[in-house]
Amino acid sequence: MKTKFSQIVKVKKRRVDEIENELLDIQNQKRRVIRSIEEILKEISEIKTPKSGSFSQINIAHMHLTNFSNQKNGYEEDILKLDQQILGIKELYKEANIEFEKIKYLEDLEIKKQLHELKIQENKDMDEIANLLFSKNKRVVEA
Numbered sequence: 013m014k015t016k017f018s019q020i021v022k023v024k025k026r027r028v029d030e031i032e033n034e035l036l037d038i039q040n041q042k043r044r045v046i047r048s049i050e051e052i053l054k055e056i057s058e059i060k061t062p063k064s065g066s067f068s069q070i071n072i073a074h075m076h077l078t079n080f081s082n083q084k085n086g087y088e089e090d091i092l093k094l095d096q097q098i099l100g101i102k103e104l105y106k107e108a109n110i111e112f113e114k115i116k117y118l119e120d121l122e123i124k125k126q127l128h129e130l131k132i133q134e135n136k137d138m139d140e141i142a143n144l145l146f147s148k149n150k151r152v153v154e155a
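In this text, residue positions in the sequence shown follow our numbering: the first is 13, and each later residue adds one.
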């Protein structure tokens, strides 16, 4: 049933859905970054640091470890940023959902009001039909 709030409800619902999708996207990004950190940790654990050998071999192994460590630190910073974004989006979602629920409640009240008015009109129409049938039957009996 359409009310004056129907279009507003659609807009508010669309906004809630958009925020929800954005939240899911960021959570998926965070999962990907966590997987990347796990892969880096796996690669770090697989690096064999030479106990002896030329300086260049030791230096290369050290550079690999430093490089992986820097990548891991960068990913951890990304996770912190994503966590902040998630908190912000959750707050937006909460506000948008509250607005949606308010408008939805007003729409529900309007629908109840319309249904009540329809019921009253239907009762009036039924009374009118009953009166017409009664008067018609009364004329038939008198004639």
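Just so it is clear, CB atoms sit at the ideal spot from N, CA and C, and this is done for glycine as well.
Checklist line | Alpha carbon of E122 to alpha carbon of A142, nearest angstrom | finding: Answer to the nearest angstrom: the Cα atoms are 30 Å apart.
Notebook entry, point to check: Going straight from the alpha carbon of N18 to that of R47, what length do you get?
Noted result: Residue identity differs from the one stated: residue 18 is Ser in this sequence, not Asn. So the alpha carbons of these two residues sit roughly 43 Å apart.
Check: Would I115 be called buried (16 or more neighbouring beta carbons within 10 Å of its own) or exposed?
Finding: Counting other Cβ atoms within 10 Å of its Cβ, I115 reaches 16 or more and is therefore classed as buried.
Item checked: 9 Å Cβ cutoff met for I59 and L77 -> Judged by their CB atoms, I59 and L77 are nearer to each other than the 9 Å cut-off.
Notebook entry, point to check: Is there contact here, the segment 38 to 45 with the segment 84 to 100, by at least three beta-carbon pairs under 8 Å?
Noted result: yes
Check: So, do the segment 101 to 114 and the segment 22 to 35 have three or more beta carbon pairs nearer to each other than 8 Å?
Finding: yes
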